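Heads up, the thing below is written out as structure tokens.
In the UniProt record's numbering, the protein residues as written are 1 to 234.
This is the structure we're talking about:
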């Protein structure tokens with residue numbers, strides 16, 4: 001930090017401003033977790049020591065000339081899993097009517113568990129446990145499960161067939177919403193998939209992408225399984 005301050009003083013005397021093109025961008029990475037930092041330093045750290053480290057490093061990268069020590073602080077960062085690990089987006093299968101469909105199984109939210117099938121093209125028909133969207137008596141759970149369709153502009157363009165059990169109306173709507181969100185990835189372009197990821201359509205810590213060493217999303221959130229059966233037309 002001292003050397004950066006000295007360099008900044010020199011630039012100020014020369015009436016030169018920092019190059020904006022050299023500005024540090026930490027998007028897509030994070031500071032090493034305490035356990036990994038301890039392994040790197042080969043010494044134990046208290047929680048207070050670790051927090052002090054984070055504060056100091058944040059202060060360092062905020063310096064207008066921090067790009068000059070980029071190799072130093074990058075050694076203490078790691079890529080965000082959510083941006084480096086890609087869950088395969090399944091290709092839709094086709095039913096006897098020639099419509100594309102994707103089934104998302106094990107959609108979990110709280111104690112609710114559901115299964116969602118999307119079909120395209122559709123007319124916007126929504127079926128939940130054999131009933132329409134009025135399966136939910138209140139507006140809030142209805143709006144919750146419809147949000148991914150509104151977000152992607154596909155409301156009225158795909159049909160939704162869902163079964164759900166367990167939990168209350170909020171948990172059930174959340175489980176269906178996840179199934180819709182994950183299934184929609186097969187019907188939108190990559191740009192929209194990224195917008196959906198950044199929009200955190202889950203709204204739930206129970207369904208976030210797992211950190212390294214944690215269980216896969218199939219047990220914490222939603223897991224797609226595409227039916228591998230062939231549709232035979234006579």
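Heads up, the beta-carbon is just placed ideally off N, CA and C, and yes, glycines get one too.
Given the structure is predicted, the values throughout are model-derived calculations rather than measurements.
Taking all protein chains shown into account, residue 179 has 16 or more neighbouring C-beta atoms within 10 Å of its C-beta and is therefore buried.
The Cβ atoms of residue 70 and residue 30 lie no closer than 8 angstroms to each other. For residue 77, the secondary structure class from DSSP, reduced to helix, strand or coil, is strand. Following the DSSP letters along the chain, one finds residue 61 inside the alpha helix (DSSP H) bounded by residues 47-61.
In terms of Cβ geometry, residue 105 and residue 167 do not form a close pair [threshold 8 angstroms]. Contact between residue 60 and residue 73 holds, with the beta-carbon distance rounding to 6 angstroms and staying under 8 angstroms. Looking only at 33, 177, 64 and 62, the smallest Cα-Cα distance to residue 49 is reached by 33. The beta carbon of residue 171 sits closer than 7 angstroms to the beta carbons of 109, 110, 111 and 112 from its chain, once the five residues preceding and following it are set aside; these are given in chain order. Linking residue 99 to residue 119 through their CA atoms gives a straight-line distance of about 6 angstroms. Under the three-state reduction of DSSP, residue 99 is assigned to coil, being neither helix nor strand. Non-local C-beta neighbours of residue 38 in its own chain, meaning closer than 7 angstroms and more than five positions away in sequence, comprise 44 and 45, ordered along the chain. Our two residues, residue 47 and residue 35, have alpha carbons roughly 11 angstroms apart in a direct line. Per DSSP, residue 3 lies in no beta strand (DSSP E); the unbroken alpha helix (DSSP H) holding it starts and ends at 2-13. Secondary structure in the region 118-159: the beta strand (DSSP E) runs of 3 residues or longer, each lying completely within the stretch, are 126-128 in chain order. Rounded to the nearest angstrom, the gap between the Cα atoms of residue 146 and residue 155 is 8 angstroms. For residue 129 against residue 158, the beta-carbon gap comes to about 19 angstroms, at or over 8 angstroms, which does not count as contact. Within its own chain, no residue has a Cβ closer than 7 angstroms to the Cβ of residue 16 once the five positions on either side in sequence are excluded. Under the DSSP assignment, residue 170 falls in the alpha helix (DSSP H) whose first and last residues are 169-184.
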